[in-house]
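To convert, take the position in the sequence shown, counting from 1, and add 8; that gives the working numbering.
Okay, structure first, notes after.
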Amino acid sequence: MKASDIFGIVVRAFGLFVILYGLYDMWGGFDNFIENLISPGQDNNSNSASTLSYFFYGVPEFIAGALLFFLADWIVKLTYRD
Numbered sequence: 009m010k011a012s013d014i015f016g017i018v019v020r021a022f023g024l025f026v027i028l029y030g031l032y033d034m035w036g037g038f039d040n041f042i043e044n045l046i047s048p049g050q051d052n053n054s055n056s057a058s059t060l061s062y063f064f065y066g067v068p069e070f071i072a073g074a075l076l077f078f079l080a081d082w083i084v085k086l087t088y089r090d
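Rendered as structure tokens:
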């Protein structure tokens, strides 16, 4: 196994980790949004920023992870030129 193969595996594994973390953040934002809808008697201003921040960070994390995962061959070719 060459160094470029190992680097490709590391890039794909990191991309998968970032995808899962982005999904976790988006799920947390969705869960927090539903929780705010169910409990209308509480003050929603304190939780609205955290709901938006989950989505604000989760969507770009998911996109960045997908790019790392699916473009790993291209990244390896840029790093290890023949």
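C-beta: ideal position from N, C-alpha, C; glycine also.
For the 8 angstroms CB-CB criterion, residue 62 and residue 23 do not form a contact. It is roughly 45 angstroms from the alpha-carbon of residue 89 to the alpha-carbon of residue 39. For residue 12, the enclosing alpha helix (DSSP H) stretches over residues 11-46. Annotated three-state conformation of residue 75 is helix, per DSSP. Taking residue 67 as the centre and dropping the five residues before and after it, the same chain places the C-beta of 30, 34 closer than 8 angstroms to its C-beta, in chain order.
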